[in-house]
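Using the working numbering, you'd call the opening residue of the sequence shown number 547 and step up by one each time.
Every residue, glycine too, gets a C-beta built ideally from N, C-alpha and C.
Nothing here was measured: the structure is a model prediction, and the numbers come from that model.
Heads up, the thing below is written out as structure tokens.
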Amino acid sequence: MEVCTSLRTIEEASYVLIRVKAAKLFDVKGIYDVKEVVRRHGLDFVKEELKVLQSIIKDYDIRVLYDKATLEELHEVMKRYRLLPGDALIALTCKHYNIRRILTFDEDFRRVPWLRVIP
Numbered sequence: 547m548e549v550c551t552s553l554r555t556i557e558e559a560s561y562v563l564i565r566v567k568a569a570k571l572f573d574v575k576g577i578y579d580v581k582e583v584v585r586r587h588g589l590d591f592v593k594e595e596l597k598v599l600q601s602i603i604k605d606y607d608i609r610v611l612y613d614k615a616t617l618e619e620l621h622e623v624m625k626r627y628r629l630l631p632g633d634a635l636i637a638l639t640c641k642h643y644n645i646r647r648i649l650t651f652d653e654d655f656r657r658v659p660w661l662r663v664i665p
């Protein structure tokens with residue numbers, strides 16, 4: 547079985563790594579505080595965590611898929627299945643690549659008829 551992820555999912559994971567590390571080191575609370583930390587300090591404070599993320603993808607031979615959707619599809623899926631834009635993009639990317647199972651703790655994907663959520 548091939549394991550895949552989307553570029554959008556990598557973006558989300560990268561942001562979480564940045565936000566968590568910035569909160570720990572710089573006591574930031576919100577997104578604008580995180581942006582200010584990155585503006586002032588760059589990303590050196592999180593380079594090891596990002597390197598680990600890249601290593602996981604490489605070591606487990608995870609295929610990174612490019613996001614696939616049109617603006618119209620994105621908005622339609624957002625409305626029809628009550629999803630935020632990022633989740634709608636992930637769902638549409640799965641549909642484009644004929645992916646039917648998704649490993650996630652996000653219950654919102656259960657509303658998408660072409661996806662079966664695992665666990």
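Can you have a look at residue i and say buried or exposed, based on whether 16 or more other CB atoms are within 10 angstroms of its CB?
i      : result
Lys575 : exposed
Lys489 : Here the chain has residues from 547 to 665 only, and residue 489 is not among them.
Val658 : buried
Ile577 : exposed
Val583 : buried
Asp652 : exposed
Asp670 : Here the chain covers residues 547 to 665 and nothing more, so residue 670 does not appear.
Ile648 : buried
What first and last residue would you give for the alpha helix (DSSP H) that runs through residue i?
i      : result
Ile608 : Ile608 -> no alpha helix (DSSP H), and no H or E assigned at all.
Arg585 : Ile577 to His587
Arg626 : Leu617 to Tyr627
Leu638 : Pro631 to His642
Which stretch, first to last residue, makes up the beta strand (DSSP E) that contains residue i?
i      : result
Arg662 : Arg662 to Ile664
Ile648 : Arg647 to Leu649
Measure the Cβ-Cβ separation of residue i and residue j and say whether it is below 8 Å.
i      : j      : result
Val549 : Tyr627 : no
Leu630 : Ala637 : no
Arg646 : Arg656 : no
Leu635 : Leu617 : no
Phe591 : Leu563 : no
Leu599 : Ala559 : yes
For residue i, which beta-bridge partners are listed by DSSP?
i      : result
Ile556 : Per DSSP, none; premise fails for Ile556.
Thr551 : Val610
Item checked: At least 3 beta-carbon pairs within less than 8 Å: the region 605–621 vs the region 547–556 -> yes
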